[in-house]
Amino acid sequence: MADSMKKMLRMLGKGKTPDASDLSLGREEFVALVTSAVNDGFVEDVYISFCDSAPTSSLLSGAKLTEKGRKRAKGFFH
Numbered sequence: 001m002a003d004s005m006k007k008m009l010r011m012l013g014k015g016k017t018p019d020a021s022d023l024s025l026g027r028e029e030f031v032a033l034v035t036s037a038v039n040d041g042f043v044e045d046v047y048i049s050f051c052d053s054a055p056t057s058s059l060l061s062g063a064k065l066t067e068k069g070r071k072r073a074k075g076f077f078h
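For the sequence shown, my numbering begins at 1 and goes up steadily by one.
1) Quick check on aspartate 40: buried or exposed, where buried means 16 or more other Cβ atoms within 10 Å of its Cβ?
2) Am I right that alanine 20 and glycine 13 are in contact with their C-beta atoms under 8 Å? What's the rounded C-beta distance?
3) Tell me where the alpha helix (DSSP H) around threonine 35 begins and ends.
4) Going by beta carbon distance, what residues of the same chain come within less than 8 Å of alanine 2, once the five residues before and after it are set aside?
5) Can you give me the Cβ contacts of glutamate 44 inside the same chain, cut-off strictly under 6 Å, excluding the 5 residues immediately before and after it?
6) Measuring CB to CB, does methionine 8 end up less than 8 Å from proline 18?
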């Protein structure tokens with residue numbers, strides 16, 4: 001899951017909105033990843049919506065990187 005966290009933070013740092021399919025995760029894994037990112041203080045103001053017609057598709061809306069998340073994401077760009 002560490003690779004997925006890196007990818008999610010990197011995408012958010014670039015202003016993109018990752019979904020479960022971008023990270024090759026199922027719904028439960030995606031929710032666990034986002035929950036972990038929130039609990040670790042990397043993101044805030046997160047809303048997750050799911051599309052029933054595509055079970056692996058979910059949208060991470062409104063997520064903002066915190067200062068801690070920005071620093072962590074910048075470290076992943078190198």
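No residue lacks a Cβ here, since even glycine has one placed at the ideal position from N, Cα and C.
So, from the data block:
1) Exposed, by the Cβ-count rule.
2) In fact, because the Cβ distance is near 19 Å, the residues do not count as touching under 8 Å.
3) That run of the alpha helix (DSSP H) goes 27 to 39.
4) Closer than 8 Å at the Cβ level, and outside the excluded window around alanine 2, lies no residue.
5) Excluding residues within five positions, the ones whose Cβ falls inside 6 Å are Lys64 and Thr66.
6) If you check the CB distance, methionine 8 and proline 18 come in under 8 Å.
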